[in-house]
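Chemist: Quick mapping for you: the protein sequence lines, in order, are chains A and B. According to my numbering, the residues represented by the first sequence are 3 to 132, in order. According to my numbering, the residues represented by the second sequence are 3 to 132, in order. Don't be surprised by glycine CBs; every beta carbon is placed ideally from N, CA and C. No experiment lies behind these values; they were computed from the predicted model shown. Submitted below is the structure of interest, expressed as structure tokens.
There are 2 protein chains.
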Amino acid sequence: MTASWLDTIKWGQDGLVPVIAQEAGSGKVLMVAWMNREALAETARTRKAVYWSRSRKRLWRKGEESGHEQAVRDIYLDCDNDVLLLTVEQQGGIACHTGRYSCFFQQLQGDRWVVVEPVLKPATELYGKK
Amino acid sequence: MTASWLDTIKWGQDGLVPVIAQEAGSGKVLMVAWMNREALAETARTRKAVYWSRSRKRLWRKGEESGHEQAVRDIYLDCDNDVLLLTVEQQGGIACHTGRYSCFFQQLQGDRWVVVEPVLKPATELYGKK
């Protein structure tokens with residue numbers, strides 16, 4: 003955890019930076035989550051996405067409950083050194099905890115948010131097993 | 003500014019949410035910036051990306067200096083209602099203030115960040131004219 007490439011990143015006051023997960027093949031933006039230093043170090047080492055869960059206040063190994071892991075292909079950092087972009091292969095084709103392909107399933111149409119993606123698997127099924 | 007679709011969004015304590023700009027054609031993630039309520043309302047009305055500049059503490063009409071506007075095709079909101087995704091047509095093919103196509107031009111290779119995109123136009127040229 004002393005690697006200098008981790009020091010390049012401008013961690014926020016809470017020690018976190020936002021992370022975009024983008025599907026490597028399709029280019030689809032799947033989700034945005036957060037990482038701290040430990041999460042990024044483990045992600046880079048294991049090539050599986052590990053985030054920091056702000057609600058649960060602990061490391062969140064993506065797919066640990068649902069089985070929907072993200073195999074990390076590449077890791078990018080933006081010009082301000084404070085946002086990460088991962089290209090990933092999404093296991094199971096479901097990134098969102100609602101059971102949808104992507105978390106960005108609400109589209110602004112006129113003055114309404116319209117759900118434009120179907121639920122592929124109900125959340126009860128996603129988290130009921132294991 | 004009283005539109006209820008704006009109330010759906012969980013604005014942060016600072017009144018902001020992160021916004022991803024993705025190129026509509028290529029699917030390339032261009033940049034991440036921030037919006038407040040006013041910025042999003044203007045973006046939706048004008049279909050040109052307007053952000054909130056945290057450094058300058060004012061509305062930032064993307065391209066106001068560089069001419070590199072972003073024509074907004076669609077606006078998406080994530081499952082937690084706290085991150086926006088815009089699909090845009092990037093004028094000039096340069097989204098980054100460094101004169102690169104995208105802001106995510108640093109790729110992790112081993113334990114080093116390597117610049118993997120060329121400067122298409124020097125920043126002095128981007129901001130020298132108007």
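I'd like to know whether the C-beta atoms of A:Glu44 and A:Gln92 end up nearer to each other than 7 Å.
Modeler: no
Chemist: I need the DSSP call for A:Thr48, collapsed to helix, strand or coil.
Modeler: helix
Chemist: Taking only beta-carbon positions, decide if A:Asp16 is within less than 7 Å of chain B.
Modeler: False, the Cβ-Cβ gap to chain B never drops below 7 Å.
Chemist: Are any of the Cβ atoms in chain B nearer than 7 Å to that of A:Gly29?
Modeler: yes
Chemist: I want to verify the contact list: residues of chain A whose CB lies under 9 Å from the CB of B:Pro1, in sequence order.
Modeler: Residue 1 of chain B is absent from the model: chain B starts at 3 and stops at 132.
Chemist: What are the boundary residues of the alpha helix (DSSP H) that includes B:Leu79?
Modeler: Per DSSP, B:Leu79 belongs to no alpha helix (DSSP H); it is in the beta strand (DSSP E), 72–79.
Chemist: For A:Gln92, which three-state DSSP category applies?
Modeler: strand
Chemist: Return the residues of the stretch 95–108 of chain B that lie within a Cβ-Cβ distance of less than 9 Å from chain A, sorted by chain order.
Modeler: Cys98, His99, Thr100, Arg102, Ser104, Cys105, Phe106, Phe107, Gln108
Chemist: What I want to know is whether the C-beta of B:Gly101 ends up closer than 6 Å to one or more non-hydrogen atoms of the ligand MN.
Modeler: Absence of the ligand MN is noted for the structure shown, with no ligands found whatsoever.
Chemist: Consult DSSP for B:Ser6 and reduce its assignment to one of helix, strand or coil.
Modeler: helix
Chemist: Mind listing the chain B neighbours of A:Ala46? Cutoff is C-beta to C-beta under 9 Å, in chain order.
Modeler: Leu110, Asp113
Chemist: Could you tell me whether the Cβ atoms of B:Gln109 and B:Val118 are closer together than 7 Å?
Modeler: yes
Chemist: Does any C-beta atom of chain A lie closer than 7 Å to the C-beta of B:Tyr78?
Modeler: yes
Chemist: Measuring CA to CA, which of B:His99, B:Thr126, B:Arg75 is closest to B:Gly27?
Modeler: B:Arg75
Chemist: Rounded to a whole number of angstroms, what is the C-alpha to C-alpha distance between B:His70 and A:Thr126?
Modeler: 46 Å
Chemist: Should A:Val34 go down as buried or exposed, given a rule of 16 or more other Cβ atoms within 10 Å for buried?
Modeler: buried
Chemist: Just mark A:Gly14 as buried or exposed, buried being the case when its beta carbon has 16 or more other beta carbons within 10 Å.
Modeler: Result: exposed.
Chemist: Rounding to the nearest angstrom, what Cα-Cα distance links A:Ser55 and B:Arg49 in this structure?
Modeler: A straight line joining the alpha-carbon of A:Ser55 with that of B:Arg49 spans about 34 Å.
Chemist: When Cβ atoms are compared, which residues of the stretch 79–90 of chain A fall closer than 7 Å to chain B?
Modeler: Per Cβ criterion, the list reads Leu79, Asp80, Cys81, Val85, Leu87.
Chemist: Given this structure, state the Cα-to-Cα distance separating B:Lys132 from B:Gln111, to the nearest angstrom.
Modeler: Below a pLDDT of 50, predicted positions are generally treated as unreliable, and B:Lys132, at 45, falls in that range; the measurement from the model is reported next regardless. Roughly 37 Å between the two C-alpha positions.
Chemist: Counting only Cβ pairs nearer than 9 Å, list the residues of chain A close to B:Ala5.
Modeler: Asp113
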